[in-house]
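The sequence shown: position 232 = 232 (my numbering), numbered continuously.
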Amino acid sequence: MEIRKRENHLKSQYTKNRLNFDESTYHYSSEEKEKAFIRSQFPSGEEIQRYQEYRKEWHRRSDEMDAGFFPLAVICELVSACNLMCEMCYTRTPEFQKAIVGAQRILPWDVAVRIIDECASLGVYSMLFSWRGESTLYRSKGSDGQWYDFADVLAYARSKGILEVTSLTNGRMLNDNLIEKIVKAQPSWISFSVDGFGDDYGKIRKSMKLEKGKMPFGIVVDNIKKMVQVRNELGFTRPQVRSNTIYPPISGNPEQYKNFMENVGVGLVTINEMLDYRGAELPDEAVMDEWFCQYPFQRLVVSANGMIMPCPGAHNEDASVLLGRYVGIPHKKIVVGGITRTIEYPELTLKQAWESDKVKHIREVHRGNRRKEIEVCRHCRHGAKKHGVTWMPDDWDMQEMKWKNRTWRNG
Numbered sequence: 001m002e003i004r005k006r007e008n009h010l011k012s013q014y015t016k017n018r019l020n021f022d023e024s025t026y027h028y029s030s031e032e033k034e035k036a037f038i039r040s041q042f043p044s045g046e047e048i049q050r051y052q053e054y055r056k057e058w059h060r061r062s063d064e065m066d067a068g069f070f071p072l073a074v075i076c077e078l079v080s081a082c083n084l085m086c087e088m089c090y091t092r093t094p095e096f097q098k099a100i101v102g103a104q105r106i107l108p109w110d111v112a113v114r115i116i117d118e119c120a121s122l123g124v125y126s127m128l129f130s131w132r133g134e135s136t137l138y139r140s141k142g143s144d145g146q147w148y149d150f151a152d153v154l155a156y157a158r159s160k161g162i163l164e165v166t167s168l169t170n171g172r173m174l175n176d177n178l179i180e181k182i183v184k185a186q187p188s189w190i191s192f193s194v195d196g197f198g199d200d201y202g203k204i205r206k207s208m209k210l211e212k213g214k215m216p217f218g219i220v221v222d223n224i225k226k227m228v229q230v231r232n233e234l235g236f237t238r239p240q241v242r243s244n245t246i247y248p249p250i251s252g253n254p255e256q257y258k259n260f261m262e263n264v265g266v267g268l269v270t271i272n273e274m275l276d277y278r279g280a281e282l283p284d285e286a287v288m289d290e291w292f293c294q295y296p297f298q299r300l301v302v303s304a305n306g307m308i309m310p311c312p313g314a315h316n317e318d319a320s321v322l323l324g325r326y327v328g329i330p331h332k333k334i335v336v337g338g339i340t341r342t343i344e345y346p347e348l349t350l351k352q353a354w355e356s357d358k359v360k361h362i363r364e365v366h367r368g369n370r371r372k373e374i375e376v377c378r379h380c381r382h383g384a385k386k387h388g389v390t391w392m393p394d395d396w397d398m399q400e401m402k403w404k405n406r407t408w409r410n411g
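Take a look at the structure:
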């Protein structure tokens with residue numbers, strides 16, 4: 001089984017930073033397929049050149065611990081809720097949505113437009129329109145009285161010149177009309193989360209509602225095939241399709257999984273290292289000492305409730321790293337113990353958030369290898385000691401495809 005870290009050839013050119021700062025996604029498809037996957041996203045020479053500039057700057061910033069003048073990428077969460085109840089995920093619970101996200105769980109269309117406009121004016125290269133929830137659920141009424149969906153967001157970002165327009169999906173809420181709209185919107189790639197085959201996939205990615213007459217695995221595979229078919233029939237090379245899995249459900253025959261996904265039209269097969277999100281805190285022995293978080297130097301996150309954060313590891317929107325609320329977003333309202341609370345954060349543009357004293361402090365702490373001073377960073381699963389992408393946790397139930405002791409941090 002041959003797997004590799006993304007852009008190892010490029011990463012090896014930057015050697016100043018001696019701390020660990022690897023990401024948790026590994027590429028399983030061949031290097032040739034990866035190159036074709038990238039080329040197909042950028043039809044023109046100008047786009048390829050911009051992409052190469054973007055990726056070089058990405059690695060330079062993490063190597064030199066330098067934030068530049070603007071975020072290279074913005075993660076814009078359209079929906080915080082989800083249609084599935086996946087075994088690895090703790091953000092799915094009603095308690096999380098009420099106590100962490102609060103009342104606003106869909107980013108208003110007019111706000112999404114303003115975020116995209118600002119990203120375009122700043123020169124942001126990449127926008128990922130997903131985070132904790134399922135983006136294909138998105139529907140929002142604009143101030144013009146029109147309704148807008150997930151594909152409309154992608155199309156608007158493409159029209160504003162964002163170089164890399166992407167999203168993750170579980171693929172189960174797609175239909176023929178939405179698939180065609182997505183393809184015509186021309187995102188760079190869409191990543192489908194497909195953990196294993198058949199029954200194993202169904203055990204992990206459980207639906208909140210009964211999907212009558214169809215097996216869950218069959219639904220997502222059919223939708224991948226349809227997206228590839230529509231793209232090819234229209235003569236486009238994008239969106240490219242990526243698939244992602246954790247290792248345990250494919251451990252019996254990983255090559256069979258890779259070959260199957262590539263045969264149905266997936267351009268790049270990736271595997272995510274298992275991150276254990278159970279419990280609020282990491283034990284001391286699990287915390288990496290020499291670890292550097294590159295996120296605050298490269299990107300920003302805007303959640304569906306309009307909160308701005310310096311990294312996608314801040315699922316809990318912890319106050320110690322939350323920078324503010326995007327311009328025009330109301331104060332956050334959450335429900336804890338049946339009591340509604342209003343939490344006030346400063347109103348900021350992306351530019352103001354990027355230059356804020358708070359994020360500068362976060363960067364300085366990470367530069368000095370002092371991240372443990374920030375409680376939420378100390379317990380971040382990205383900075384936990386890793387076991388490798390083929391890790392098979394002792395307390396992962398291979399029959400039921402779930403954690404044996406499922407105690408989530410939000411109770």
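Ideal placement from N, C-alpha and C gives every residue a C-beta, glycine not left out. Fair warning: this is a prediction, and the values are worked out from it, not measured in the lab.
Outcome for residue i when other beta-carbon atoms lying within 10 angstroms are tallied against a minimum of 16
{"i": "D394", "result": "exposed"}
{"i": "N259", "result": "exposed"}
{"i": "R158", "result": "buried"}
{"i": "W13", "result": "Note on residue identity: the sequence assigns Gln, not Trp, to residue 13. It is exposed - the Cβ of Q13 has fewer than 16 other Cβ atoms within 10 Å."}
{"i": "Q399", "result": "exposed"}
{"i": "M309", "result": "buried"}
{"i": "S191", "result": "buried"}
{"i": "V266", "result": "buried"}
{"i": "M307", "result": "buried"}
{"i": "K209", "result": "exposed"}
{"i": "G413", "result": "This structure cannot speak to residue 413, because the chain is shown only from 1 to 411."}
{"i": "E416", "result": "Beyond the ends of the chain as shown, which are 1 and 411, falls residue 416; an answer cannot be given."}
{"i": "E77", "result": "buried"}
{"i": "V336", "result": "exposed"}
Bridge partners - residue i, DSSP secondary structure assignment
{"i": "F192", "result": "T169 and S243"}
{"i": "H27", "result": "R4 and T270"}
{"i": "I334", "result": "R341"}
{"i": "L348", "result": "Y326"}
{"i": "C86", "result": "R205"}
{"i": "K404", "result": "According to DSSP, which records beta bridges pairwise, K404 is partnered with nothing at all."}
{"i": "E164", "result": "S126"}
Among the options, the one whose alpha carbon lies nearest that of residue i
{"i": "N263", "options": "L348, Q229 and T340", "result": "Q229"}
{"i": "H379", "options": "D66, Q399 and L275", "result": "L275"}
{"i": "G252", "options": "P283, F197 and R299", "result": "F197"}
{"i": "L168", "options": "V183, A185 and L128", "result": "L128"}
{"i": "K385", "options": "E32, P216 and P283", "result": "P283"}
{"i": "G68", "options": "L78, K56 and C76", "result": "K56"}
{"i": "L19", "options": "V153, N369, W391 and R4", "result": "N369"}
{"i": "E46", "options": "S62, R6, A112 and L163", "result": "L163"}
{"i": "E375", "options": "V327, V321, W354 and I329", "result": "V321"}
{"i": "A73", "options": "M215, I362, P296 and K372", "result": "P296"}
{"i": "P249", "options": "R238, W291, S193 and Y277", "result": "S193"}
{"i": "A112", "options": "V153, G123, K98 and L137", "result": "V153"}
{"i": "K141", "options": "P216, N405 and D110", "result": "D110"}
Integer-rounded CB distance, given that residue j should sit under 8 Å from residue i
{"i": "S188", "j": "Q256", "result": "At roughly 28 Å, the Cβ-Cβ gap does not stay under 8 Å, so S188 and Q256 are not in contact."}
{"i": "H382", "j": "S126", "result": "That belief does not hold up - the Cβ atoms of H382 and S126 are roughly 19 Å apart, past 8 Å."}
{"i": "E58", "j": "V301", "result": "Before going further, note that residue 58 is Trp rather than Glu in the sequence given. Incorrect: roughly 16 Å between the Cβ atoms, too far for contact."}
* Check whether the segment 145-160 touches the segment 88-105, taking contact to mean three or more Cβ pairs, one atom from each stretch, closer than 8 Å. => No: the two stretches stay apart, fewer than three of their Cβ pairs being nearer than 8 Å.
* **contact_flag[the segment 51-69, the segment 104-121] where n(CB pairs < 8 Å) is 3 or more** => no
* Between the segment 344-353 and the segment 107-118, do three or more beta carbon pairs fall short of 8 Å? -> yes
* **Meets three-Cβ-pair contact criterion under 8 Å: the segment 207-227 and the segment 2-9** => no
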